[in-house]
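In the UniProt record's numbering, the protein residues as written are 1 to 184. Every residue gets a Cβ at the ideal spot worked out from N, C-alpha and C, and that includes glycine. Remarks on the structure that follows.
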Ligand code: FES
Ligand code: FES
């Protein structure tokens, strides 16, 4: 008997469980879009180069076009549909709205998912390729425009309209840090 090429999996997406049978070669992006009707994540290049399909896996960003759906079982998957809390926009979404960072429907979902993770990565002290002092004791580098550009460099806009996005991420990061201070 030929080995089975599909499996039943359960994906945990935006806090809900979805059980489906998928061919083992199905990408997470195709499972989201074609099987589960979660079409916020976009297919730009389908080869890991544009960031339009970015989602969060256990809070870390991943390009869902390079992730097999079967390998995402057991992970907490957050798509653009799950970034807001009900009617309350995520601070990144609000800042994109306030500062005109929203762009086309193709690149914006990935930009926002990436930006959410960038703020978390930066707050956790992760350096980037443009961080001058990468010693752990140096702590997080200032989240400068250069840091934001580098950290967001995996998300392409074919139109090159990035200026407002940088400003929006600066605003959202400041909001997140103020909220943390208020809670502490
Ligand atoms: S569609 Fe996944 S990176 Fe472009
Ligand atoms: S505005 Fe979306 S690709 Fe440029």
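Could you check whether residue j and residue i sit closer than 7 Å to each other, using their CB atoms as the reference points?
i, j, result
"residue 81", "residue 12", "no"
"residue 118", "residue 151", "yes"
"residue 70", "residue 7", "yes"
"residue 185", "residue 79", "Residue 185 falls outside the range modelled here, since the chain spans only 1 to 184, and no answer is possible."
"residue 174", "residue 95", "no"
"residue 164", "residue 147", "no"
"residue 75", "residue 56", "no"
"residue 114", "residue 61", "yes"
"residue 42", "residue 106", "yes"
"residue 131", "residue 142", "no"
"residue 35", "residue 20", "yes"
"residue 138", "residue 166", "no"
So, with DSSP's three-state summary, where would you put residue i?
i, result
"residue 186", "The shown model of the chain, from 1 to 184, leaves out residue 186, and the question about it has no answer."
"residue 21", "strand"
"residue 158", "coil"
"residue 39", "coil"
"residue 168", "helix"
"residue 88", "strand"
"residue 56", "strand"
"residue 191", "No information on residue 191 is available, as it lies outside the stretch 1 to 184 that the chain covers here."
"residue 173", "helix"
"residue 139", "coil"
"residue 113", "helix"
"residue 120", "helix"
"residue 101", "coil"
"residue 144", "coil"
"residue 47", "coil"
"residue 83", "coil"
Checking the sheet assignment: what are the DSSP bridge partners for residue i?
i, result
"residue 224", "An answer regarding residue 224 cannot be provided, because it is not within the stretch 1 to 184 covered by the chain."
"residue 14", "Per DSSP, none; premise fails for residue 14."
"residue 134", "DSSP, once it has assigned bridges, lists no residue as partnering residue 134."
"residue 61", "56"
"residue 9", "20"
| request: Give a yes or no on contact between the stretch 17-30 and the stretch 82-97, applying the rule of three or more CB pairs nearer than 8 Å. | output: The count of Cβ pairs closer than 8 Å, one atom from the stretch 17-30 and one from the stretch 82-97, stays below three, leaving the stretches out of contact.
| request: State whether the stretch 149-159 contacts the stretch 91-98, with contact taken as three or more CB pairs (one from each stretch) at a distance under 8 Å. | output: Result no; under three Cβ-Cβ pairs closer than 8 Å.
| query | Would you call the stretch 100-113 and the stretch 43-60 touching, i.e. three or more CB-CB distances under 8 Å? | reply | Output reads yes: the stretch 43-60 touches the stretch 100-113.
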